[in-house]
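**Student:** Can you read through this structure? Questions will come right after.
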Amino acid sequence: MRVTSSSPFETEEIGRRLGRLLKAGDIVCLFGDLGAGKTTMVKGIASSFGISSRDVTSASFTVIAGYPVTPPFYHIDLYRIESPDDLESTGIWDIIGGESVSVIEWAERLGDEKLVQSVRVYFEEPAEDIRVITIEGINEENWSDMQARQA
Ligand SMILES: Nc1ncnc2c1ncn2[C@@H]1O[C@H](COP(=O)(O)OP(=O)(O)OP(=O)(O)O)[C@@H](O)[C@H]1O
Ligand SMILES: [Mg+2]
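Here the numbering used here is used: the first residue of the sequence shown is 136, the next is one more, and so on.
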């Protein structure tokens, strides 16, 4: 599924909608360049779990930020991960999946084979404020229902 956002606010709103479709165990992998809008979307996703978007930051030294909500919510940023050893030492494999919901920036650092069961979000930046956002791995009927209700 592909949607277009023309502002950070819209990207956050798309995140909020996506968040409403998630359930415990889901892993959302975000792919896009620096400044693509990944953290902006995480703010939206987090808000649908009752987390204030102000509490979601792009603190680049925090690889894993956990939030004590139900289900537990994790914002993971792998930008600084450079090797499989780095990745291993984050403890990520004990955190994602299971009963928690995780959203991962720079998910390409995970290595492909682990992504099969996840929701995947790809950002393209065709113009300064425009983002084309492709979402894979969600039930598109549920997404459409939600849009219809909110229209
Ligand atoms: N439609 C849009 N959606 C999201 N962000 C937008 C949009 N248009 C402009 N922007 C700007 O793009 C930037 C997105 O920043 P954000 O931190 O979300 O990106 P990121 O992908 O997390 O970057 P990084 O790789 O550094 O973590 C912000 O400065 C925001 O104002
Ligand atoms: Mg970011």
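Where is the CB? At the ideal position from N, CA and C, for every residue including glycine.
Bear in mind the structure is a predicted one, so any value in this text is a computation, not a measurement.
Quick one: what does DSSP say E260 is sitting in, helix, strand or coil?
**Tutor:** Strand.
**Student:** So what's K200 in DSSP terms, helix, strand or just coil?
**Tutor:** The question names Lys, but residue 200 is Ala in the sequence shown. Correct three-state label for A200: strand.
**Student:** Would you tell me roughly how many angstroms separate the C-alpha atoms of T225 and S218, rounded to the nearest one?
**Tutor:** 11 angstroms
**Student:** Verify the contact flag: D220, CB atom, against every heavy atom of ligand 4, threshold strictly below 7 angstroms.
**Tutor:** You won't find ligand 4 in this model; what it holds is ligand 1 and ligand 2.
**Student:** Give me the DSSP bridge partner(s) of F166.
**Tutor:** Y257
**Student:** Taking S237 as part of the beta strand (DSSP E), name the residues at either end of that continuous run.
**Tutor:** Per DSSP, the continuous beta strand (DSSP E) segment holding S237 begins and ends at V236 to E240.
**Student:** Name the two residues that bound the continuous alpha helix (DSSP H) containing S218.
**Tutor:** No alpha helix (DSSP H) holds S218; DSSP gives it neither H nor E.
**Student:** Residue range of the alpha helix (DSSP H) that E147 falls in?
**Tutor:** P143 to R155
**Student:** Which class does T299 belong to by DSSP, given the choice of helix, strand or coil?
**Tutor:** Past the edges of the chain, shown from 136 to 286, lies residue 299, and the structure says nothing about it.
**Student:** Would you mind sorting E240 into buried or exposed? The rule is 16 or more other CB atoms within 10 Å of its CB.
**Tutor:** buried
**Student:** Let me check you understand the geometry: is the CB of A194 closer than 7 angstroms to at least one non-hydrogen atom of ligand 1?
**Tutor:** Relative to ligand 1, A194 has its C-beta separated by 7 angstroms or more from all heavy atoms.
**Student:** Taking the C-alpha atoms as reference points, what is the distance between V138 and T269?
**Tutor:** Within the model, the alpha-carbon separation for V138 versus T269 is close to 6 angstroms.
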